[in-house]
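Heads up, the thing below is written out as C-alpha coordinates.
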Amino acid sequence: MSASTIAILKATAPVVKEHGTEITSTMYGIMFSEFPEVKNLFNMSHHRVAGATKGGAPPGVSRQATALANAVIGFAANCDQLASLGDAVPRMVHKHVSLDIRAKHYPIVGGCMLRAIKTVLADAATDEIMDAWKEAYWFLADLLIQAEDNLRTEFEQMPGGWAGFRELRVARKVKESDEVTSFYLESTDPTKGLMTFQPGQFISLKFDNLQKGRSVVRNYSVSSAPGQNFYRISVKKESGNAANDVPAGVVSSHLHDDVKVGTILHVGVPCGHFYLETEKPSAKPIVFLSGGVGFTPLLSMLEFIVASSTKKQPVIFVQYALRREPA
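In terms of our numbering, the sequence shown has 280 at position 278, counting the first letter as 1, and numbering is strictly consecutive.
Written out as C-alpha coordinates, the structure is:
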(Lines of atoms letter the chains of each structure in order from A; the text may use other names.)
(Lines give C-alpha, C1' and ligand atoms only; values in the text may rest on other atoms or scores of the structure.)
Protein backbone atom coordinates (compact mmCIF):
# COMPACT_ATOMS: atom_id res chain seq x y z
CA MET A 3 0.00 0.00 0.00
CA SER A 4 1.14 3.53 -0.68
CA ALA A 5 2.14 5.84 2.14
CA SER A 6 -0.80 8.14 1.36
CA THR A 7 -3.26 5.25 1.57
CA ILE A 8 -1.86 4.14 4.92
CA ALA A 9 -2.15 7.70 6.23
CA ILE A 10 -5.79 7.98 5.08
CA LEU A 11 -6.73 4.61 6.57
CA LYS A 12 -5.25 5.50 9.94
CA ALA A 13 -6.90 8.93 9.85
CA THR A 14 -10.32 7.46 9.04
CA ALA A 15 -10.04 4.50 11.45
CA PRO A 16 -11.83 6.36 14.30
CA VAL A 17 -14.88 7.25 12.20
CA VAL A 18 -14.98 3.76 10.72
CA LYS A 19 -14.86 2.38 14.26
CA GLU A 20 -17.75 4.64 15.27
CA HIS A 21 -19.89 3.41 12.36
CA GLY A 22 -18.32 -0.04 11.97
CA THR A 23 -21.31 -2.31 12.51
CA GLU A 24 -23.57 0.03 10.54
CA ILE A 25 -21.17 -0.23 7.60
CA THR A 26 -20.87 -4.01 7.74
CA SER A 27 -24.60 -4.51 8.29
CA THR A 28 -25.25 -2.32 5.24
CA MET A 29 -22.67 -4.28 3.25
CA TYR A 30 -24.30 -7.62 4.01
CA GLY A 31 -27.71 -6.17 3.18
CA ILE A 32 -26.49 -5.05 -0.25
CA MET A 33 -24.61 -8.28 -0.93
CA PHE A 34 -27.37 -10.70 0.06
CA SER A 35 -29.94 -8.69 -1.89
CA GLU A 36 -27.96 -8.36 -5.11
CA PHE A 37 -25.84 -11.53 -4.94
CA PRO A 38 -28.02 -14.10 -3.12
CA GLU A 39 -25.79 -16.93 -4.34
CA VAL A 40 -23.11 -15.96 -1.81
CA LYS A 41 -25.46 -16.87 1.04
CA ASN A 42 -24.22 -20.42 0.44
CA LEU A 43 -20.87 -19.36 1.93
CA PHE A 44 -22.30 -18.09 5.20
CA ASN A 45 -23.94 -19.56 8.26
CA MET A 46 -27.04 -17.39 8.05
CA SER A 47 -27.86 -17.97 11.72
CA HIS A 48 -24.88 -15.70 12.45
CA HIS A 49 -26.69 -12.93 10.56
CA ARG A 50 -29.78 -12.99 12.73
CA VAL A 51 -30.32 -9.78 14.64
CA ALA A 52 -32.76 -11.13 17.24
CA GLY A 53 -30.80 -12.22 20.31
CA ALA A 54 -27.62 -10.88 18.76
CA THR A 55 -26.03 -10.16 22.13
CA LYS A 56 -24.78 -13.75 22.03
CA GLY A 57 -21.18 -13.87 20.83
CA GLY A 58 -20.38 -10.28 21.77
CA ALA A 59 -22.68 -8.51 19.31
CA PRO A 60 -24.51 -5.41 20.56
CA PRO A 61 -28.32 -5.36 20.51
CA GLY A 62 -29.73 -4.96 17.02
CA VAL A 63 -26.53 -6.13 15.28
CA SER A 64 -25.71 -9.59 14.00
CA ARG A 65 -22.71 -11.57 15.20
CA GLN A 66 -21.26 -11.71 11.69
CA ALA A 67 -21.56 -7.95 11.17
CA THR A 68 -19.83 -7.38 14.50
CA ALA A 69 -17.00 -9.79 13.69
CA LEU A 70 -16.38 -8.21 10.29
CA ALA A 71 -16.50 -4.70 11.74
CA ASN A 72 -13.85 -5.64 14.30
CA ALA A 73 -11.67 -7.09 11.54
CA VAL A 74 -12.00 -3.97 9.37
CA ILE A 75 -11.24 -1.68 12.31
CA GLY A 76 -8.21 -3.76 13.27
CA PHE A 77 -6.90 -3.69 9.71
CA ALA A 78 -7.32 0.08 9.38
CA ALA A 79 -5.69 0.83 12.73
CA ASN A 80 -2.72 -1.48 12.04
CA CYS A 81 -2.29 -1.10 8.28
CA ASP A 82 1.25 0.20 8.80
CA GLN A 83 2.26 -2.80 10.92
CA LEU A 84 0.28 -5.79 9.66
CA ALA A 85 2.42 -8.18 11.70
CA SER A 86 0.55 -6.91 14.75
CA LEU A 87 -2.59 -8.60 13.44
CA GLY A 88 -1.01 -11.88 14.52
CA ASP A 89 -2.95 -14.98 13.56
CA ALA A 90 -5.89 -13.10 12.02
CA VAL A 91 -4.75 -13.62 8.42
CA PRO A 92 -3.94 -17.37 8.76
CA ARG A 93 -7.31 -17.88 10.47
CA MET A 94 -9.10 -16.19 7.57
CA VAL A 95 -7.13 -18.21 5.02
CA HIS A 96 -8.03 -21.54 6.62
CA LYS A 97 -11.67 -20.50 7.02
CA HIS A 98 -11.94 -19.42 3.40
CA VAL A 99 -10.33 -22.61 2.10
CA SER A 100 -12.71 -24.68 4.23
CA LEU A 101 -15.68 -22.93 2.62
CA ASP A 102 -14.14 -23.10 -0.87
CA ILE A 103 -14.10 -19.33 -1.24
CA ARG A 104 -12.37 -18.44 -4.51
CA ALA A 105 -10.90 -15.36 -6.18
CA LYS A 106 -14.20 -14.74 -8.00
CA HIS A 107 -15.91 -13.91 -4.71
CA TYR A 108 -13.60 -11.03 -3.75
CA PRO A 109 -14.91 -8.44 -6.26
CA ILE A 110 -18.43 -9.03 -4.91
CA VAL A 111 -17.42 -8.48 -1.29
CA GLY A 112 -15.15 -5.54 -2.10
CA GLY A 113 -17.71 -3.76 -4.24
CA CYS A 114 -20.42 -4.12 -1.60
CA MET A 115 -18.09 -3.01 1.19
CA LEU A 116 -17.06 0.16 -0.65
CA ARG A 117 -20.67 0.99 -1.45
CA ALA A 118 -21.57 0.50 2.21
CA ILE A 119 -18.80 2.84 3.36
CA LYS A 120 -20.03 5.51 0.96
CA THR A 121 -23.67 4.98 1.96
CA VAL A 122 -23.00 5.28 5.69
CA LEU A 123 -20.37 8.03 5.65
CA ALA A 124 -22.04 9.93 2.79
CA ASP A 125 -20.22 13.19 1.90
CA ALA A 126 -17.55 12.51 4.51
CA ALA A 127 -16.32 9.68 2.27
CA THR A 128 -14.53 11.80 -0.32
CA ASP A 129 -13.16 10.40 -3.57
CA GLU A 130 -9.68 10.41 -2.04
CA ILE A 131 -10.88 8.40 0.96
CA MET A 132 -12.79 5.93 -1.21
CA ASP A 133 -9.76 5.42 -3.47
CA ALA A 134 -7.61 4.70 -0.42
CA TRP A 135 -10.08 2.15 0.95
CA LYS A 136 -10.32 0.50 -2.47
CA GLU A 137 -6.53 0.18 -2.66
CA ALA A 138 -6.42 -1.19 0.89
CA TYR A 139 -9.15 -3.74 0.22
CA TRP A 140 -7.40 -5.13 -2.83
CA PHE A 141 -4.06 -5.18 -1.05
CA LEU A 142 -5.56 -7.48 1.58
CA ALA A 143 -7.67 -9.41 -0.94
CA ASP A 144 -4.67 -10.19 -3.15
CA LEU A 145 -2.73 -11.34 -0.09
CA LEU A 146 -5.57 -13.67 0.94
CA ILE A 147 -6.18 -15.00 -2.57
CA GLN A 148 -2.52 -15.96 -2.98
CA ALA A 149 -2.29 -17.55 0.48
CA GLU A 150 -5.53 -19.48 -0.07
CA ASP A 151 -4.38 -20.76 -3.46
CA ASN A 152 -1.09 -21.90 -1.91
CA LEU A 153 -2.82 -23.68 0.97
CA ARG A 154 -5.35 -25.29 -1.36
CA THR A 155 -2.54 -26.60 -3.57
CA GLU A 156 -0.63 -27.89 -0.53
CA PHE A 157 -3.66 -29.82 0.72
CA GLU A 158 -4.51 -31.18 -2.73
CA GLN A 159 -0.99 -32.61 -3.13
CA MET A 160 -0.97 -34.36 0.24
CA PRO A 161 -1.70 -38.12 0.35
CA GLY A 162 -5.47 -38.45 0.41
CA GLY A 163 -5.85 -34.70 -0.05
CA TRP A 164 -8.29 -32.79 -2.22
CA ALA A 165 -9.61 -29.33 -3.04
CA GLY A 166 -13.17 -28.15 -2.65
CA PHE A 167 -15.58 -30.85 -1.50
CA ARG A 168 -15.23 -34.62 -1.67
CA GLU A 169 -17.75 -37.42 -1.19
CA LEU A 170 -17.34 -39.37 2.07
CA ARG A 171 -19.59 -42.10 3.41
CA VAL A 172 -21.12 -42.27 6.88
CA ALA A 173 -19.65 -45.53 8.20
CA ARG A 174 -21.05 -45.30 11.74
CA LYS A 175 -23.59 -43.16 13.57
CA VAL A 176 -23.29 -43.27 17.35
CA LYS A 177 -25.69 -41.58 19.77
CA GLU A 178 -23.41 -40.24 22.50
CA SER A 179 -26.12 -38.51 24.56
CA ASP A 180 -29.60 -37.04 24.24
CA GLU A 181 -28.13 -34.10 22.33
CA VAL A 182 -24.87 -35.27 20.76
CA THR A 183 -24.38 -37.83 18.00
CA SER A 184 -21.07 -38.85 16.42
CA PHE A 185 -20.65 -39.54 12.71
CA TYR A 186 -17.72 -41.57 11.39
CA LEU A 187 -16.87 -40.55 7.82
CA GLU A 188 -14.80 -42.77 5.53
CA SER A 189 -13.55 -42.65 1.96
CA THR A 190 -15.83 -43.91 -0.81
CA ASP A 191 -12.74 -44.80 -2.88
CA PRO A 192 -10.81 -47.85 -1.58
CA THR A 193 -7.72 -46.66 -3.49
CA LYS A 194 -7.67 -43.23 -1.85
CA GLY A 195 -7.47 -42.76 1.88
CA LEU A 196 -8.08 -39.64 3.93
CA MET A 197 -5.68 -36.77 4.32
CA THR A 198 -4.16 -36.51 7.77
CA PHE A 199 -4.82 -33.44 9.87
CA GLN A 200 -3.72 -31.66 13.01
CA PRO A 201 -5.69 -32.51 16.17
CA GLY A 202 -8.06 -29.62 16.75
CA GLN A 203 -8.82 -28.86 13.11
CA PHE A 204 -12.27 -28.94 11.52
CA ILE A 205 -13.95 -30.11 8.32
CA SER A 206 -16.84 -28.61 6.36
CA LEU A 207 -20.08 -30.30 5.35
CA LYS A 208 -21.98 -28.99 2.33
CA PHE A 209 -25.64 -29.77 1.76
CA ASP A 210 -27.38 -28.79 -1.48
CA ASN A 211 -30.99 -27.60 -1.45
CA LEU A 212 -31.30 -28.05 2.29
CA GLN A 213 -32.68 -24.60 3.05
CA LYS A 214 -35.02 -22.77 0.68
CA GLY A 215 -33.38 -24.28 -2.38
CA ARG A 216 -29.83 -23.16 -1.59
CA SER A 217 -26.70 -24.87 -0.40
CA VAL A 218 -25.67 -24.75 3.24
CA VAL A 219 -22.12 -25.21 4.59
CA ARG A 220 -21.17 -25.82 8.21
CA ASN A 221 -17.84 -26.39 9.96
CA TYR A 222 -17.48 -29.19 12.52
CA SER A 223 -14.39 -30.00 14.57
CA VAL A 224 -12.94 -33.44 14.02
CA SER A 225 -13.29 -35.15 17.40
CA SER A 226 -11.09 -38.16 16.56
CA ALA A 227 -7.31 -38.31 16.52
CA PRO A 228 -5.46 -38.18 13.18
CA GLY A 229 -3.92 -41.23 11.57
CA GLN A 230 -7.11 -43.30 11.27
CA ASN A 231 -9.20 -44.30 8.27
CA PHE A 232 -12.07 -42.04 9.27
CA TYR A 233 -12.95 -38.57 10.45
CA ARG A 234 -15.30 -38.42 13.42
CA ILE A 235 -17.48 -35.40 14.09
CA SER A 236 -19.63 -35.14 17.20
CA VAL A 237 -22.62 -32.89 16.56
CA LYS A 238 -24.98 -31.32 19.07
CA LYS A 239 -28.56 -31.04 17.85
CA GLU A 240 -29.54 -27.40 18.17
CA SER A 241 -33.23 -27.63 19.05
CA GLY A 242 -33.79 -23.89 19.21
CA ASN A 243 -35.81 -21.85 21.66
CA ALA A 244 -39.11 -20.44 20.44
CA ALA A 245 -39.48 -18.21 23.50
CA ASN A 246 -36.25 -16.41 22.61
CA ASP A 247 -36.88 -16.51 18.84
CA VAL A 248 -33.99 -18.95 18.29
CA PRO A 249 -34.77 -21.43 15.49
CA ALA A 250 -33.61 -25.03 15.43
CA GLY A 251 -30.31 -25.73 13.71
CA VAL A 252 -30.92 -26.59 10.05
CA VAL A 253 -27.84 -28.76 9.55
CA SER A 254 -27.60 -30.31 13.01
CA SER A 255 -31.27 -31.34 12.84
CA HIS A 256 -30.75 -32.82 9.38
CA LEU A 257 -27.72 -34.79 10.55
CA HIS A 258 -29.50 -36.18 13.60
CA ASP A 259 -32.85 -36.88 11.97
CA ASP A 260 -32.13 -37.75 8.34
CA VAL A 261 -28.52 -38.84 7.82
CA LYS A 262 -28.07 -42.61 8.11
CA VAL A 263 -25.22 -45.09 7.89
CA GLY A 264 -24.33 -45.24 4.20
CA THR A 265 -25.34 -41.64 3.48
CA ILE A 266 -22.89 -39.82 1.20
CA LEU A 267 -21.82 -36.39 2.45
CA HIS A 268 -19.87 -33.65 0.67
CA VAL A 269 -16.91 -32.83 2.89
CA GLY A 270 -14.30 -30.08 2.78
CA VAL A 271 -10.63 -30.64 3.52
CA PRO A 272 -9.49 -30.41 7.20
CA CYS A 273 -8.58 -26.83 8.04
CA GLY A 274 -8.04 -24.63 11.04
CA HIS A 275 -5.29 -22.68 12.73
CA PHE A 276 -6.16 -23.85 16.26
CA TYR A 277 -4.50 -27.20 16.83
CA LEU A 278 -2.09 -29.14 19.01
CA GLU A 279 1.52 -28.98 17.89
CA THR A 280 2.37 -32.58 16.95
CA GLU A 281 5.87 -32.23 15.52
CA LYS A 282 7.41 -30.98 18.76
CA PRO A 283 6.21 -33.35 21.48
CA SER A 284 6.64 -32.11 25.02
CA ALA A 285 6.50 -33.60 28.49
CA LYS A 286 5.07 -30.37 29.88
CA PRO A 287 1.54 -30.61 31.30
CA ILE A 288 -1.34 -29.48 29.12
CA VAL A 289 -4.51 -27.88 30.48
CA PHE A 290 -7.69 -28.17 28.41
CA LEU A 291 -10.64 -25.88 29.21
CA SER A 292 -13.93 -26.36 27.38
CA GLY A 293 -17.66 -25.88 27.68
CA GLY A 294 -20.48 -28.00 26.30
CA VAL A 295 -19.94 -29.50 22.86
CA GLY A 296 -16.93 -27.18 22.52
CA PHE A 297 -14.86 -30.05 23.89
CA THR A 298 -14.72 -31.76 20.47
CA PRO A 299 -11.41 -30.31 19.18
CA LEU A 300 -9.84 -30.95 22.58
CA LEU A 301 -11.01 -34.57 22.47
CA SER A 302 -9.07 -34.98 19.22
CA MET A 303 -6.00 -33.55 20.94
CA LEU A 304 -6.44 -35.78 23.98
CA GLU A 305 -6.81 -38.94 21.90
CA PHE A 306 -3.70 -37.99 19.95
CA ILE A 307 -1.68 -37.51 23.14
CA VAL A 308 -2.86 -40.83 24.58
CA ALA A 309 -2.12 -42.71 21.34
CA SER A 310 1.26 -41.17 20.55
CA SER A 311 3.06 -40.42 23.82
CA THR A 312 5.65 -42.92 25.00
CA LYS A 313 5.99 -40.90 28.18
CA LYS A 314 2.44 -40.00 28.97
CA GLN A 315 2.07 -36.24 28.95
CA PRO A 316 0.20 -34.92 32.00
CA VAL A 317 -3.20 -33.57 30.96
CA ILE A 318 -5.70 -31.62 33.04
CA PHE A 319 -9.10 -31.50 31.32
CA VAL A 320 -11.70 -29.11 32.77
CA GLN A 321 -15.11 -29.43 31.12
CA TYR A 322 -18.20 -27.36 31.94
CA ALA A 323 -21.57 -28.77 30.93
CA LEU A 324 -25.19 -28.47 31.97
CA ARG A 325 -27.52 -31.43 32.30
CA ARG A 326 -31.21 -30.92 31.73
CA GLU A 327 -31.99 -34.26 33.37
CA PRO A 328 -30.54 -35.73 36.59
CA ALA A 329 -27.82 -38.34 36.19
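Glycine included, each C-beta is placed from N, C-alpha and C at the ideal position. These figures come from a predicted structure and were not determined experimentally.
- Counting C-beta atoms within 10 angstroms of its own C-beta, T155 has fewer than 16 neighbours from the protein chains shown and is therefore classed as exposed.
- By alpha-carbon distance to L84, the top candidate from L300, G22 and K12 is K12.
- In the displayed model, F157 falls within a helix according to three-state DSSP.
- Taking 9 Å as the cut-off, the Cβ atoms of H21 and L146 do not count as close.
- In this structure, the beta-carbon distance from T121 to T28 falls below 9 Å.
- L267 places its beta carbon 9 Å or farther from that of L196.
- In the structure shown, the three-state DSSP call for A173 is strand.
- Three or more Cβ pairs closer than 8 Å define a contact, and the stretch 95–115 meets that threshold against the stretch 24–41.
- D102 is classed as buried because its beta carbon has at least 16 other beta carbons within 10 Å across all chains shown.
- The shortest C-alpha to C-alpha distance from S4 to any of P38, K19, V63 and C81 is the one to C81.
- Under DSSP, Q213 takes part in a beta bridge, and its partners are R216.
- Contact annotation: S241 and F232 have beta-carbon atoms that are not nearer than 9 Å.
- Counting every other CB atom within 10 Å of its CB across the protein chains shown gives T193 a total below 16, marking it as exposed.
- With respect to L301, V320 sits apart: the two C-beta atoms are not nearer than 9 Å.
- For the pair of segments examined, the stretch 248–257 was found not to touch the stretch 275–289: the number of CB pairs separated by less than 8 Å stays below three.
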